[in-house]
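Here the protein sequences line up with chains A and B, keeping their order.
As numbered in the working numbering, residues 1 to 134 make up the first sequence, in order.
As numbered in the working numbering, residues 1001 to 1466 make up the second sequence, in order.
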Amino acid sequence: MLDIGIAEICPPVECISTEMQAYRFTYETIEDKRNFEPVFAKNPRRFNDKSDAEKCSAFGISLYQSEAQAITKYIILKSIVQNIGKTIGTHLAKGIIYKHYGVITPIDEEGHFDLHESEECNLHNDFTVIQELV
Amino acid sequence: MEDISNISFVSNSFPYIGFKKVSDLINHDGPILSHFSDNNRHLLYLWIDNDLSYNRWLIFEVDKNSLLNYLYKNISLLDLIIDNKQEFLLVTDINESLEFECNNLIKKDSLPSVYLPTENSYFEFKIPNIYTSNDAEREYLHALVNDSISFKIESKSKKYLSAVKVDNLLNVLKNIKQSFTSYVSINFKKDFSSDDFKNLNFDTLLSTIVKDSELLMPNLAYGSFCASITTDYLMSKEFSPIIQNWRKETFIKYRNEVIEIDYDVQILNVLTEKYDEMDRRAIYSPIIEISRETNDYKISITDSSFRKIRKTLKPVSKPIREKLLPKIQSPEIIKSESLFQIIGMAEKTAEELKLNKKSILETKELDYAELTQSTDTIAYKGEELYLKEIFEYKIIYDRGVFIIDYPPLDLHIESQSFDLVKNEFYKNIIELYKRLQKLAIDQLSISESSLKNRIAELVAIPNVID
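Here is the structure:
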């Protein structure tokens, strides 16, 4: 469990370690350092209230279970914010998360889950950009 | 980031003080759309841009009903911004330390288009629990009450103190429902045409609209009888935003144009130009009837708490009534024939209900009547469909015309003869049954497939010629 001084238990108790294929919005090159930064580590952080820094999800990395679910979500987000690519990425990457990479939250009905990384996790090495999202 | 310096007024201070975050509505690696409130007013923060130092947020005020409409997919985020009453929107740059550094007021029309959501920006996310709790239910009812017509019915006689006769109450509600249903149907046909809905059957859509315009009572009180009536436009999700807006506006227009109307010459001219005589009769006659001087009750329109009377429904004067609903000038022979048919219907009803002769004579005077028919067999010229259970439908008599309107099978029949309208209805059902039976599943359109299922639910044994 991370010592981050937030009120809720983080990662949540229902998180599990697992090995699975996953999809993540990234920028054009996988080496881009913004690709696997949790929102808490970004500068400037995309927060609009002090309470945002106290939320466990700010320390997770958003991932999707399938390519189709990721693309669907991206299209929906793009309809809300045309500039969405500037903050969450412009491409889709595919990779494997291993058990020792951390724990994942339960996968929701839209195929989304958060990975709470362990210190051994290095997603840059295990993900490949597969397509541009428009 | 977009340069907005030449289109904005910069405010030195953030204009919304005392607002607290209620919930993030859209979140992906941090908030994208968030709801703030000071308990009275509501703000949405929409992330729209960033650079190395700032995140830029579009901040705009919304009313709670519109927010719920957005969450329930009745309107898009774009609608929420564009239809907003505010002329200026706030674009704020927030730095790493969460300081609001630039508060730019931008005229809505001048906002760079890249900062606006697209037309498809409906809420395709899980609604946070806070909006689906009992509080949200209360909010929903509150929203319904806000737009409703609240009224009080009081007995003129003091025989039962302020208690209202159930018959009077039912009559008032029935007449308002009848008038409102006519209003919806007539105005939908005026405001839209089949060309507006390329892939939809206009009549089916109209019957769905009418069905979904059912009047609800979100608020009641007793003593005398007080009720608020309205129609839902928040929960129904199957309609497009244009139709949803139309439905909302139509109820408000109905309230102003029918229930709370103050007749004068100018208004009468507008009404007679807008609606033909038959439409006026369908819309206004039921309301004029419940406002008659001879009724032993009176109706007042109140505020939503039923405390303050805003208006009493007064009897409509004869000159106004005659201009609005002129007496039917039909040839005597047709009138007699029509009345004879009504007598037939009335006598049967009277026999069934053991009504006295006086009731029959009153029925004679009516221009409008409804008769429920039931049968276990649809038969026409030797062909028959034996039904699984008793089938009920309604024949409406409206000033010389007998009408059967049966939306489930998409049928609307009119005739000047009671027997003919019935025969034509049965003939149409049998023909529809035969036509749909001949078509293979892959030849059926969606609406035909749905019709076929509905007929299949009715028919037990067919005896028809292929």
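Don't be surprised by glycine CBs; every beta carbon is placed ideally from N, CA and C.
Since the model is a prediction, treat every value here as computed from it, not as a measurement.
- For aspartate 126 of chain A, DSSP assigns no beta-bridge partner whatsoever.
- The segment 100–115 of chain A and the segment 63–70 of chain A touch, with no fewer than 3 CB-CB distances between them shorter than 8 angstroms.
- Under DSSP, no beta-bridge partner is assigned to threonine 72 of chain A.
- Contact holds between the segment 1245–1257 of chain B and the segment 1177–1187 of chain B, because three or more Cβ pairs, one in each stretch, are under 8 angstroms apart.
- Within the same chain, and ignoring the five residues on either side of phenylalanine 1188 of chain B in sequence, the residues whose Cβ sits closer than 6 angstroms to its Cβ are Leu1206, Ile1209.
- Aspartate 49 of chain A is a Cβ neighbour of phenylalanine 1036 of chain B, given a cutoff of 9 angstroms.
- What asparagine 1050 of chain B touches in chain A, judged by beta-carbon distance under 9 angstroms, is Pro44, Arg46, Asn83, Lys86, Thr87, going in chain order.
- Note: glycine 95 of chain A is bridge-paired with A:Ala22, A:Phe127 in the DSSP secondary-structure output.
- Distance from the CA atom of leucine 1271 of chain B to the CA atom of serine 1450 of chain B, rounded to whole angstroms, is 39 angstroms.
- Closer than 7 angstroms at the C-beta level to chain A, one finds these residues of the segment 1090–1114 of chain B: Ile1094, Asn1095, Glu1096, Leu1098, Val1114.
- Taking C-beta atoms as the reference points, lysine 1434 of chain B and valine 1464 of chain B count as a pair closer than 9 angstroms.
- By the Cβ criterion, the segment 1311–1324 of chain B is in contact with the segment 1289–1296 of chain B, since at least three pairs of Cβ atoms, one from each stretch, lie closer than 8 angstroms.
- Its Cα nearest to that of isoleucine 1309 of chain B, the residue B:Glu1260 stands out among B:Lys1274, B:Ile1243, B:Glu1260.
- Here histidine 91 of chain A really is in contact with glutamate 28 of chain A; their C-beta atoms are around 6 angstroms apart, less than 8 angstroms.
- A residue is called buried once 16 or more other Cβ atoms fall within 10 Å of its Cβ, and glycine 1018 of chain B, having fewer, is exposed.
- The Cβ atoms of leucine 133 of chain A and glycine 95 of chain A lie no closer than 9 angstroms to each other.
- Per DSSP, the beta bridge partners of valine 1062 of chain B are B:His1042.
- The three-state secondary structure of glutamine 65 of chain A, taken from DSSP, is coil.
- Taking a Cβ-Cβ cut-off of 8 angstroms, the neighbours of valine 39 of chain A in chain B comprise Asp1029, Gly1030, given in sequence order.
- Between the segment 1073–1084 of chain B and the segment 1109–1125 of chain B, the count of Cβ pairs shorter than 8 angstroms is three or higher; the stretches touch.
- Within 9 angstroms of the CB of leucine 77 of chain A, the CB atoms of chain B belong to Ile1026, His1028, Ile1032, in sequence order along the chain.
- Between the alpha carbons of aspartate 1038 of chain B and tyrosine 1045 of chain B lies a distance of about 14 angstroms.
- Rounded to the nearest whole angstrom, the C-alpha separation of lysine 55 of chain A and aspartate 1093 of chain B is 22 angstroms.
- When Cβ-Cβ separations below 9 angstroms define contact, phenylalanine 1014 of chain B makes no contact with chain A.
- Linking serine 1304 of chain B to valine 1145 of chain B through their CA atoms gives a straight-line distance of about 7 angstroms.
- Chain order gives the chain B residues near serine 62 of chain A as His1028, Asp1029, where near means a beta carbon separation below 7 angstroms.
- The continuous alpha helix (DSSP H) containing lysine 1438 of chain B extends over residues 1418–1438.
- Counting C-beta pairs with one atom in each stretch, the segment 1148–1157 of chain B and the segment 1190–1199 of chain B have fewer than three that are closer than 8 angstroms, which means they do not touch.
- Chain order gives the chain B residues near isoleucine 80 of chain A as Ile1026, Ile1032, Leu1033, Leu1077, Pro1117, Ser1121, where near means a beta carbon separation below 7 angstroms.
- Interface criterion met: the Cβ of aspartate 52 of chain A is under 9 angstroms from a Cβ in chain B.
- The C-beta distance from arginine 24 of chain A to alanine 93 of chain A rounds to 5 angstroms, short enough to meet the 8 angstroms contact threshold.
- Looking from the CA of aspartate 1276 of chain B, the closest CA among B:Tyr1426, B:Leu1325, B:Asn1175 belongs to B:Leu1325.
- Annotation: Cβ neighbours of glutamate 1124 of chain B in chain A (cutoff 8 angstroms, chain order): Ile76.
- The C-beta of aspartate 1029 of chain B has 16 or more other C-beta atoms within 10 Å across all chains shown, which makes the residue buried.
- Residues Leu1411 of the same chain have their beta carbon placed closer than 6 angstroms to that of asparagine 1428 of chain B, with the five preceding and five following residues left out of the count.
- Scanning its chain for C-beta atoms nearer than 6 angstroms, with the 5 sequence neighbours on each side dropped, one finds around serine 1300 of chain B the residues Lys1152, Ile1309, Thr1312, in chain order.
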